[in-house]
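Encoded as structure tokens, the structure appears first; notes follow it.
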Amino acid sequence: MIPKIKTAKDLARNMDLGPGYDGFIELVKSIELSDEEIAKHATWNNEHYTRNCLYSTPSIEVLLMCWKPGQHTPVHDYSFKEGWTKILKGQLLLEYFRVDENGLVKTDEQLLKEGDIAYLRDDLGVHRFINESNENTVSLHIYAERIRKWNIFDDKGKAHEVIPEIDSKTEYC
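So for the sequence shown, the numbering used here puts the first residue at 29; every next one is plus one.
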């Protein structure tokens, strides 16, 4: 069993060690950043959600994302990477889509609440996150391989390659 991870420094140390025999899910379950630790690394923007790097190597990336009410990602893929998302504060709606000749077709949705974890990869469908609540939300995202580019999709299902931006970085990025 992995001890509780309470700081960005602990998180970086555990990422350096790797996921262990139980894989990333056990590592993600053990993350319990305090409000004070979140506040050290969270940035907020009135126009869009923010992506704050807590840890990064070519093989793994950990982002703290901050969402004001109504903020969302575009529908996007992960460029064939794996990802785990844990809600630290608040809630997010995760929507899955398939792309067909008629454009984007919503196939599923999942309301993620504080403490919930979602596993994502492209064969599960392209997706987007939305903060539909009236409260700020903070989520932690771990990617197996740093995402250097991804595709975002318009309503017609046309893909546009973009490089995701990072709003802030710790010393571990």
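Ideal Cβ positions, reconstructed from N, Cα and C, are used throughout, including at glycine. Quantities reported herein were computed from a predicted structural model and do not represent experimental measurements.
Residue nearest to Asp195 within the set Leu91, Glu54 and Val56 is Leu91 (criterion: CA-CA distance). Rounded to whole angstroms, the separation of the alpha carbons of Ser87 and Lys184 is 33 Å. Lys177 counts as exposed, since fewer than 16 other beta carbons sit within 10 angstroms of its beta carbon.
Taking C-beta separations shorter than 6 Å and ignoring five residues to either side along the sequence, the partners of Ile158 in its chain run His100 and Leu121, following chain order.
Annotated three-state conformation of Glu89 is strand, per DSSP. If the five residues before and after Leu148 are omitted, its C-beta is found closer than 6 Å to the C-beta atoms of Gly111, all from its own chain and listed in chain order. For Ile175, the number of other beta carbons within 10 angstroms of its own is at least 16, and it is reported as buried.
Remark: C-beta atoms of Thr35 and Glu60 do not approach each other more closely than 8 Å. Residue range Gln119 to Asp128 is occupied by the beta strand (DSSP E) that includes Asp128, with no alpha helix (DSSP H) assigned at that position. Comparing alpha-carbon positions, the option among Asp63, Trp95 and Tyr171 lying closest to Thr78 turns out to be Trp95. DSSP, reduced to helix, strand and coil, places Lys68 within a helical segment of the structure shown. Here Ile170 is buried, its C-beta having at least 16 other C-beta atoms within 10 Å. Counting along the chain, the unbroken alpha helix (DSSP H) around Asn42 starts and ends at Ala36 to Leu45. Within its own chain, the residues whose Cβ lies closer than 7 Å to the Cβ of Pro192, once the five positions on either side in sequence are excluded, are Arg79, Ile175 and Trp178, listed in chain order. Listed in chain order, the non-local C-beta contacts of Ala172 below 8 Å within the same chain comprise Phe52, Ser87, Ile88, Lys109, Glu110 and Gly111, local neighbours out to five positions each way being set aside. With respect to His104, Ile180 sits close: the two C-beta atoms are nearer than 8 Å.
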